[in-house]
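Chemist:
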Amino acid sequence: MSTIKIKKGDNIKVITGKDKGKEGKVIAVMDSKVLVEGVNMITKHSKASQTNPKGGIIHQEAPIDISNVMYVHKGKVTRIGFTTVEGKKGPKKARIAKSTGEVID
Numbered sequence: 002m003s004t005i006k007i008k009k010g011d012n013i014k015v016i017t018g019k020d021k022g023k024e025g026k027v028i029a030v031m032d033s034k035v036l037v038e039g040v041n042m043i044t045k046h047s048k049a050s051q052t053n054p055k056g057g058i059i060h061q062e063a064p065i066d067i068s069n070v071m072y073v074h075k076g077k078v079t080r081i082g083f084t085t086v087e088g089k090k091g092p093k094k095a096r097i098a099k100s101t102g103e104v105i106d
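No gaps in the numbering here: position 18 of the sequence shown is 19 in the working numbering, and each next residue is one more.
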């Protein structure tokens with residue numbers, strides 16, 4: 002499997018599916034899926050418990066496939082690549098935006 006190019010905290014845009022066009026922040030990254038704030042919302046029925054004494058219907062995000070999202074850089078979607086950048090302790094692998102060539106992190 003190739004390197005996962007989307008990380009927690011990245012701003013992304015959904016490019017396919019029922020939520021096409023929505024933007025949000027990545028909450029979590031699982032193998033080939035991502036959890037995005039406000040995207041792919043589902044309703045879940047929960048029983049009453051100690052943490053949720055009333056129970057009821059909960060609205061929460063469901064994972065979306067990583068291939069259905071793209072990274073947003075300066076307001077535009079872009080692909081992500083890798084390059085080596087000189088650091089204090091020698092060369093370091095860094096993510097770059099393919100559209101501008103700028104280092105992301």
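Heads up, the beta-carbon is just placed ideally off N, CA and C, and yes, glycines get one too.
Everything numeric in this text was worked out from a predicted model, so none of it was measured.
With respect to the beta strand (DSSP E) encompassing Q108, which residues constitute its N-terminal and C-terminal limits?
Modeler: One cannot answer for residue 108 here, as it falls past the ends of the chain, which runs 2 to 106.
Chemist: Does N53 come out as helix, strand or coil in the three-state DSSP assignment?
Modeler: What you label residue 53 is simply residue 52 of the sequence shown in a count that begins at 1. If DSSP states are grouped into helix, strand and coil, N53 belongs with coil.
Chemist: Which value, in whole angstroms, describes the spacing of the CA atoms of N69 and K48?
Modeler: Position 68 of the sequence shown, counted from the first residue, corresponds to residue 69. Position 47 of the sequence shown, counted from the first residue, corresponds to residue 48. Answer to the nearest angstrom: the Cα atoms are 32 angstroms apart.
Chemist: Go through its chain and collect everything with a Cβ distance to P64's Cβ below 7 angstroms, but skip five positions before and after it.
Modeler: Your numbering for residue 64 matches position 63 in the sequence shown. Excluding positions up to five away in sequence, the list reads M31, K34, V35, L36.
Chemist: Roughly how many whole angstroms lie between the Cα atoms of M2 and G88?
Modeler: Locating residue 2 in the sequence shown gives position 1, counting from the first residue. Locating residue 88 in the sequence shown gives position 87, counting from the first residue. Low confidence applies to M2: its pLDDT is 47, below 50, so where it sits in the model is not reliable, and the reading given next is rough at best. Going by the C-alpha atoms only, they are around 27 angstroms apart.
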